[in-house]
């Protein structure tokens, strides 16, 4: 299994560093005959792109994706799809300071310990730029899902930024695209803006929590015991830079619940079994039940801040470090489209796995 | 990739149903020349075994493991190790009620939808009995780690049961083995006992949260980006039955933190870099730093309770269901040795992966 | 990827040594709802079993397979199928001579160099007994293929034993089961018997070549470029003990051919494209075409012979060695059912892979 | 497992079509700290490049490789290495004839049946151009092997072209680079040239056989039973376009041998065990013994010839087809550097796998 690959049947391998000539994703196992072009993928990349608001890094890159293989006359051919994004705004000099120093809380020092060498420019491989390649791969998954599961909808949004929490009473999915926070509550946007401005002026950064809702997921996806749908979703989210926790359904709160409160009771609906609640988050025994799947995760505050922190450098000297450069005060914001992309890849992968093993046939109930 | 396999180099595949003749784990990729016998593995199984206190299921099984292959004259040979546990106390009649009905919150219905067939006896493959095989596999991993990383120590314990939380001020690891809750605080044991007795008398069940502490883990384990150490730990824990959330370091709380508070500052110690705090939970960029690794996860309350819940049966009829039989009021308790086993397997797997790629050499700092 | 696993979706992992308590195969990824019982698998094992004629080892073992999991009420459930065969006739004393010595041409010395330890009893893991587990796994594959591809037929037979070659003019598949050589030519059986008797009396052994014919294989199986159907078939056959060469279609003879002679011309038949010849052996670009697939391979003569050979022992002393015990004068004979089993597993695995990626839909021609 | 990936730890995924904008290989799992630049890889690509003699296709492409990631300041970093080769001489019009027709013996029709769509330009993904990406990946493997196994030498050469066979009595490895046939016998070059000229004038093509000799391979590589070194070498070679047979050591000839003749007797040499012969081809039980490893394979004659062959087109009409364009009369010639590349990747992969499981320690003998 490749260290930089994700997936079992629908797989992608990301490659590239923050300040190298290009980065991308090699997508393999894509079904043939699916309509796909660069514009479709670009749509997803544009949502993730830095520089789109004052709340994300001011690195100005078009992040223009090119499809180098696997698509012919507008359709996937079933062969590997190479998605390449050239790095055009690299400004290496911005990062000169940290060539020899280790940012506290950053992967610098871990890479150095493991590999004895690292591309220090912009964090190299550990940069959040790697996630652009995921989003591109997720675009391919979305194109296939559009064909195979017409009703499927994957929606990410922020539910927390530092001390601020989404008020679920105000939830309005149609507002997510209208503000720089992917926030499904228009009324809260000003307060979130003020809060984040204050964080930035304070030369600080802040964490976040994101939720991804998968609506219309067919039942039967997920293969117990070690290819559970929730296992793969957890791995997908935890693989995103700076993620420290993942929850499905009730998540960590399940620890406080009783069995009577937690049981999702079942009745017969017109189309089959219907659940009266969804504490499980749409997954039982690692298999989707047809209910909405809810995944949440936390993103720690970026370690690249202007406030000096104590650290060491390559020579082992103790120093104080300020990370200059273009950094998001809340990297969690951009995790929203990344998480949607990962969710799309997981769902598609399991759809293909399921049709391998069961032929996509569903067992009868009732 | 096999659906029922875990790991990349050190792998295990579990097999078996709750009420079949036997279950077990096929362990592959184990280094040769490691001392191993059944007694060593049995020690871990005994900690997980049901029936050891009134707080776990009264199913009386010795869960006696047999090594059928891969060990010769007391040493591993580098060939597959088959670990078999015979099912001796199956009492199928206990489960007759649920042959046709679906327990709310249980995997029954999901298996039926996916496969169109399920071994309903005791939950079949979805039973927590599958975890006995993991614990056996974890025993093999522990034997290898004892050889390869002498200072490594993996310790699991409960930190929450329903409304009760561990008071970390009282933390005493030496007490974990002295009570039925794997609780590192002797003073709290009576209260936990009373609480759980009340839950059981109420014909209810309750959730839990567990923490696994990995001390002495070498730096450099974990391979970015999709074989991160935390990604694999998250997948490992999420694959355990009834787990709904996984956290590393600050976990979900990271969403509320600022960059200045979250940064783990670094100084030079005698043996190399030293961190002044551990918000990251011992992992940066998916790679271990040598600090303690802290993983937490929640376990939902079992869905098998004596309080009637509304559900349907195989014919689609709406019914009320009581799950008789021998069920733990808090399945989370038994998750402690299971999580230790999974953690041991993940750490060993990454140790082997790391020596594949880097030869186990560490980059120099200072 | 597990060292002892084969397959991608339909996978099996074999375990066990020649003289351990048992050996077997852990089958994962099997489709649910397929009728399966021990008798069906036993049928395949009986064809491979030693002791069935004077031309195979006189080790008397029933090789009785037990299904320990994954089958419920006569049907596969989609969960792992554990197939166990107990070793009942181990006679360890027979092998005492070779505990410290290395048989020339045998894997003993390679295991010792690699692992520093080996189960020397009967060759341990390198024994041909491992192949019993493959045959059992192949039985599961055959059961699934019977359901999914009714017209498929996999037939193995010997085409060469030492100096003797099958006369293809006499080919009669119905004779294969009627003689101890799996020879599709009844008229040649006496000569083959005399030849092998002479080899044995001479305290010698002899090589063999086997062909497996796969009739009725659907087109479209095989995924370029590194999961080609012929690539996997080649790996499958080369993984069998003592195999030294594998051929598809024209095989090594293709080196001598011209493009005009080798081209399989195409016409339109009633059901679609028809090929006028089959030099390709039913596979083009790694993908099955619907033609018969022909795979051939050679098996070297066993290295366990009664004629003394020069070798060394564990202490590095130079000795002469005779391998006493119960050994086949032509191990290639038993490779026939083994190769059929491997072919069945490869075809099924690719059938499942194909329905994952393409949904099993075939592109239209004409 | 990705369909277009090769390897277990040292992996590469090739992507790209003959007439797309570019093709390449995504290499993952490469050890860090290895000196690598484009010139080193280019050396291997230049040996494979078409247009270097009148005996290979006249397509004029520099096949210039670019390293897009994974190398920093001249050293590998342990992160994915993207190797891209732009297609610069695509001349799509040359292939217009075959857009709708299926070349007999070519993968066209198999792709169409499987995927329902294919990039017909130049054979698309099934083109031999894919092998340029393998050669580039092999260059990375060679760089790593140069560091890790200084004495290792991998040498490919032709041993047969149609009716002509290498006379092993004249074997001179130093001549291989001096002629367009990779022929280790200078005296035979004129005759091989005349022969191939005649084939071409006859508007025909011819098959070939290649041998790869691996000298200095450490003992202990290869993991029984399904990751045998010979199994992976067989898969590697069989995955090369047009290969129809693979042999290790005695190969198919082993079928005719007796046990006394085939046994490689062993004596003690200064450095350890020494074998008196090498019928096994350097591999016993799937594990390298330290002897030279010999792999042979056949390449069928290209199906793209100027002599008309009967076939059908996309509409199912029966036609006669001539394949114009730039085609090698003997594609086997270019298979030599490809096979060397694949062999390098297999050996490196197993070296890394072995140090994962055994730490690269060798068991003591003597």
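Protein chains in written order, with our numbering: chain A, 707 to 1072; chain B, 707 to 1072; chain C, 707 to 1072; chain D, 707 to 1072.
For every residue, glycine included, the Cβ atom is placed at its ideal position computed from N, Cα and C.
On a predicted model such as this, the values are computed, not experimentally measured, just so you know.
Against residue 827 of chain C, chain D offers no close residue; the least beta-carbon distance is about 15 Å (beta-carbon pairs closer than 7 Å). Not a single CB atom of chain A sits nearer than 7 Å to the CB of residue 1068 of chain C. Annotation: residue 999 of chain A to residue 919 of chain A spans about 6 Å, alpha carbon to alpha carbon.
C-alpha of residue 1014 of chain A to C-alpha of residue 724 of chain B: approximately 57 Å in a straight line. Secondary structure in the region 767-828 of chain D: the beta strand (DSSP E) runs of 3 residues or longer, each lying completely within the stretch, are 771-773 and 787-792 in chain order. Residues of the same chain with a CB within less than 8 Å of the CB of residue 729 of chain B, apart from the 5 flanking positions on each side, are 720, 721, 722, 723, 790, 791, 793, 835, 836, 838 and 839 in chain order. The region 932-942 of chain B makes contact with the region 1043-1061 of chain B, as at least three CB pairs between them are under 8 Å. Chain C has a Cβ within less than 7 Å of the Cβ of residue 711 of chain D. Contact with chain B is found for residue 774 of chain C, since one of that chain's Cβ atoms lies less than 7 Å from the residue's Cβ. Considered as a whole, the region 941-1007 of chain D harbours 949-954, 972-975, 978-981 and 999-1005 as its complete beta strand (DSSP E) runs of no fewer than 3 residues, in chain order.
Annotated three-state conformation of residue 1023 of chain A is coil, per DSSP.
The closest CA to that of residue 925 of chain C, considering only C:815, C:979 and C:1001, is found on C:979. The beta-carbon separation of residue 715 of chain C and residue 1062 of chain A, rounded to 5 Å, stays under the 8 Å limit for a contact.
Following the DSSP letters along the chain, one finds residue 734 of chain C inside the beta strand (DSSP E) bounded by residues 728-734.
A distance below 7 Å separates the beta carbons of residue 806 of chain D and residue 1019 of chain D. Burial check for residue 1041 of chain D: the Cβ neighbour count within 10 Å reaches 16 or more, so the residue is buried.
Distance from the Cα of residue 1025 of chain D is smallest, within the candidate group C:973, C:774, C:954 and C:871, for C:973.
Contact annotation: residue 951 of chain A and residue 957 of chain B have beta-carbon atoms nearer than 7 Å.
Within the same chain, Cβ atoms closer than 7 Å to the Cβ of residue 873 of chain B are found at 891 and 894, the five residues on either side in sequence being excluded.
Our two residues, residue 820 of chain B and residue 822 of chain C, have alpha carbons roughly 46 Å apart in a direct line. Excluding sequence positions up to five before and after residue 708 of chain D, its CB lies within less than 8 Å of the CB of 719, all in the same chain and listed in chain order.
Contact between the region 741-756 of chain A and the region 740-748 of chain C is absent, with fewer than three C-beta pairs closer than 8 Å. Here the C-alpha atom of residue 1071 of chain A lies approximately 20 Å from the C-alpha atom of residue 1029 of chain B.
Here DSSP, grouped into helix, strand and coil, assigns residue 1013 of chain A to coil. From the beta-carbon of residue 786 of chain B, no residue of chain A is found nearer than 9 Å; the closest lies around 17 Å away. Burial check for residue 876 of chain C: the Cβ neighbour count within 10 Å stays below 16, so the residue is exposed.
Contact with chain A is absent for residue 781 of chain B, since none of that chain's Cβ atoms lies less than 7 Å from the residue's Cβ.
A Cβ of chain B is located within less than 7 Å of the beta carbon of residue 715 of chain D.
As computed with DSSP, residue 859 of chain A is found in a beta bridge with A:921. Scanning C:921, C:962, C:732 and C:864 for the CA closest to the CA of residue 889 of chain C turns up C:864. For residue 718 of chain B, the enclosing beta strand (DSSP E) begins and ends at 717-722. Following the DSSP letters along the chain, one finds residue 836 of chain A inside the alpha helix (DSSP H) bounded by residues 836-854. Here residue 862 of chain C is not near residue 731 of chain C, since their CB atoms are 7 Å or more apart.
Look at residue 723 of chain D: its C-beta is under 7 Å from a C-beta on chain A.
Exposure of residue 907 of chain A is indicated by the presence of fewer than 16 other C-beta atoms within 10 angstroms of its C-beta. Following the DSSP letters along the chain, one finds residue 900 of chain B inside the alpha helix (DSSP H) bounded by residues 895-907.
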